[in-house]
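Worksheet for the structure shown next.
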């Protein structure tokens, strides 16, 4: 009898306990927004602003990622995944690095560089950089790395612009790298993670490319590979021989865990099981801003949400008045508020406003929602009785499409949302099976790798290419942007490109795409790399 | 008995063929070229074509299907993962062990709590305790498992730091997912135990025991509980399959490298060999579990031999 009473009471307490726990999940405490980076979105905390740290500790930093990568050195096996780029970015070091706050390319393994002609770039290397096996990094290793990239990752973004036949070892610490296209900003591409340097001896010691991709005891980065327990975690350990001890990692080890559910990743940080939770959906992250147990950061990374119209020679999208009607029917402020969780405003140009060569080509006034104007344009186009169009998107775009659906309905446009998984999306995008399509385009630099989806030669195989419209006029305008001498000169060329887009209403610029990360409150040093990947080597704990 | 076991194993063949045919059809008719998925969107068409040839994707679907089944039967080869290039079987087996452990633990938790609540409920029938037990057990059945999972993480990991929020690096990591899945099945065990207990408690031999002056504790423990447990044991067996399904969903919440997470990841990656191999292996495991459960029923209650093995034919013959 006593046992039963205890059981009953225990269960009642447990129920009450869970109700109380759920109710206290958000501790509402106000805190002033921190200063933002440049003109980046207004945020609670932002990236790339508090990186200075020269202290080291024996702690382990646990970083909760969404999924496990299929390899840890993706370029060796011709792959590219977000998670593997984050991990390999800590293992491999690049010739040059980009200051993500200023956008300036800075020396790293290479102390200086110069263009010998349009296609050849000469680098002078440091003489104190060592690999995992203790050997010194030389020009031979740089050539080997770039030859490997061209052969193993020749189809990927960067690899296709390399021309190994022009590579040359001048001496142990001077190397010339060749390219097959003209672009002064190609040096920015070399700051990207896939261009990290490794040696042939290391790859052979691992047992070849495939084995080195799974157990990458290679590179000269701030951290070294220690262990990968498949399905569970990856551990890196600090490279105590890193050439720049002033900026070597604070944490002795970095451990990556993989949890698909973003709420579970956030709670891992709250529980103290993880120091950092990466890639929390922005709308969800916004709900943690006032939670004092964690620090929520938002940052833009040079990617803008665009709506591209299908320019096939068929109604209704070939009709410019229909395209203009769509433009007028949308409320861009509301779209930006939804897509960024209220953290950023609408984009007034094709390129993210934080990018140094971007221009604000539109004014907020001319982008105001005008339902009456949209209806008038539809009437003129012969769709006064209403219009039905279809859109293609992945499930994560469904919310944004739903917001647009409601706005377009006011003007008499019915939007049919076709939400599919990624492989189906890619196939539909390539096949042009849509009227409009939502795409996030990453245009953070003027290196040609960032603009390939406009290239007629790659448009058939690039996921957001397909039937998307391009023309000699557009491609020529893009070439002008790429070949411009510097960012200031490029602005004028970007304006010319924007004019083409605006004249024909080819694309609707929505808002910057943001990423967000959640850290323990006393962890600082959130830094990013290309495409907004976090640089896990920069984190440190407040002393 | 041996005949019956062989018969049940033979039944595996059409089940396997059915499962594999359905997934093969999905693979064939859903968009997305596996060769393109392996090589990436930027790969030239010539490379994609060569890959298709290498994978046998240009063969008629029936030939592809036949080759696949032939590989399994002759070499135990479930194919190689498109993502990693490793044999699917070698990737799934360790994950199956993890999922199996969680499932067994979950069933144990669910059964223990459910049986205790069921007994309490039966002994206190039509009282507020009975109602409370019903509400509590229904609560855990009604709330989706992933929500219960997040609440458990909040309580045990975030608030009290007793258990890890994710991962299975230590034995502690298994507890939350086991609890989560186990709690969702408490209601069914409670209901079965309660009704079974009530039925047994109204039997004549219980009345006789009472008349002989046996204590209520003795009656419950020695006479009622043993007999009431037969339907509960059957329910535990059938729940094993459901719990494996529950584990598959929760593995994504708790970051557990189980077979469920493996299959769901493979579906989003269009990694067909892994999906196909995973589904087939799970089908085999579930069929074997069902067989073992049926055999255990016979061992627990020999009266069931007639019903399970001969489908009641003998009984019918006798009656005729």
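Protein chains in written order, with the working numbering: chain G, 169 to 711; chain X, 12 to 331.
Ideal Cβ placement from N, Cα and C applies to all residues, glycine included.
In the three-state reduction of the DSSP assignment, residue 606 of chain G falls in the strand class.
Residue 710 of chain G places its beta carbon less than 8 Å from that of residue 690 of chain G. Excluding sequence positions up to five before and after residue 336 of chain G, its CB lies within less than 6 Å of the CB of 344, all in the same chain and listed in chain order. Residue 319 of chain G counts as exposed, since fewer than 16 other beta carbons sit within 10 angstroms of its beta carbon. Look at residue 433 of chain G here: in three-state DSSP terms it is helix. If you draw a straight line from the Cα of residue 520 of chain G to the Cα of residue 253 of chain G, it is about 23 Å long. Restricting attention to G:569, G:536, G:699, G:557, the CA atom closest to the CA of residue 611 of chain G is found in G:699. Of all residues in the segment 429-462 of chain G, the ones placed with a Cβ closer than 7 Å to any Cβ belonging to chain X are 429, 431, 432, 435, 436, 438, 439, 440, 441, in chain order.
Using a CB distance cut-off of 8 Å, residue 591 of chain G counts as an interface residue toward chain X.
Of the residues assessed, residue 12 of chain X falls on the exposed side of the cut-off, its CB having fewer than 16 other CB atoms within 10 angstroms.
Within chain X, not a single residue places a beta-carbon under 9 Å from that of residue 700 of chain G; the smallest gap is close to 20 Å.
A direct Cα-to-Cα measurement between residue 225 of chain G and residue 421 of chain G gives close to 9 Å. In this model, residue 465 of chain G and residue 271 of chain G are separated by some 19 Å (Cα to Cα).
In the assembly as shown, residue 229 of chain X is an exposed residue. Its beta-carbon has fewer than 16 other beta-carbons within 10 Å. Linking residue 518 of chain G to residue 281 of chain X through their CA atoms gives a straight-line distance of about 33 Å.
DSSP links residue 396 of chain G through a beta bridge to G:402. In this chain, the beta strand (DSSP E) harbouring residue 560 of chain G covers 555-561. The segment 174-182 of chain X makes no contact with the segment 144-160 of chain X, as fewer than three CB pairs between them are under 8 Å. A residue is called buried once 16 or more other Cβ atoms fall within 10 Å of its Cβ, and residue 139 of chain X, having fewer, is exposed.
Rounded to the nearest whole angstrom, the C-alpha separation of residue 356 of chain G and residue 617 of chain G is 10 Å.
Within chain X, the residues 94, 95 have their CB atoms less than 8 Å from the CB of residue 238 of chain G, given in chain order. Counting only unbroken stretches of 3 or more residues, no beta strand (DSSP E) element lies wholly within the segment 137-164 of chain X. Contact note: residue 276 of chain X reaches chain G through 235, 236, 428, using a C-beta cutoff of 9 Å and chain order. Just so you know, the alpha carbons of residue 99 of chain X and residue 428 of chain G end up roughly 21 Å apart. At a Cβ-Cβ threshold of 8 Å, residue 502 of chain G and residue 549 of chain G do not count as neighbours.
Residue 399 of chain G and residue 268 of chain X do touch by the CB rule: their CB atoms are close to 3 Å apart, below 8 Å.
The continuous beta strand (DSSP E) containing residue 477 of chain G extends over residues 463-477. Any Cβ of chain X closer than 8 Å to the Cβ of residue 425 of chain G would place that residue at the interface, and such an atom is present.
Under the three-pair Cβ rule at 8 Å, the segment 400-419 of chain G does not count as touching the segment 141-153 of chain X.
Runs of the beta strand (DSSP E) spanning 3 or more residues and lying entirely within the segment 637-679 of chain G do not occur at all. Residues are counted here when their Cβ sits less than 8 Å from a Cβ of chain G; for the segment 151-169 of chain X these are 157, 160, 161, 162, 164, 165, 166, 168, 169, given in chain order. Counting C-beta atoms within 10 angstroms of its own C-beta, residue 24 of chain X has fewer than 16 neighbours from the protein chains shown and is therefore classed as exposed. What residue 471 of chain G touches in chain X, judged by beta-carbon distance under 7 Å, is nothing: the nearest beta carbon there is about 17 Å away.
Around residue 131 of chain X, the same chain offers 140, 144 as residues with beta carbons nearer than 7 Å, after the five sequence neighbours per side are excluded. Interface annotation, residue 265 of chain X: in contact with chain G, CB-CB separation under 8 Å.
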